[in-house]
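> In mature numbering (1 follows the signal peptide of the UniProt record, and there is no 0), the protein residues as written are -19 to -1, 1 to 66.
Even glycine gets a Cβ: it sits at the ideal position worked out from N, Cα and C.
The structure presented is a predicted model; accordingly, all values stated were derived computationally and were not measured.
1. My assumption, with CB atoms under 8 Å, is that residue -15 sits in contact with residue 26. Please give the rounded CB distance.
2. Taking Cβ to Cβ, would you say residue 21 is nearer than 8 Å to residue 2?
3. With H, G and I counted as helix, E and B as strand and the rest as coil, what does DSSP make of residue 19?
4. Hey, could you find the ends of the alpha helix (DSSP H) residue 5 is sitting in?
Listed below in structure tokens is the structure:
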């Protein structure tokens, strides 16, 4: 995944979280516009930052997991399949 596609994905996720959080902020007991907006901004920013942090961690861990990546994927898919059965 390129960095540009990651940033676009993070932006899309943050707008979704922003909209949901503004709705939640607006449903407070005595909502004020700034409270709803602040809640939305906090959740939106966090949702935008987490994929970027994960991308950097993945880039750092790629050299360690490169030799075993197929076995890791096999094990995760096997456990998921067993759990579904």
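Well, looking at it:
1. With a Cβ gap of about 20 Å, residue -15 and residue 26 do not count as contacting.
2. Going by C-beta atoms, residue 21 is nearer than 8 Å to residue 2.
3. helix
4. -17 to 7
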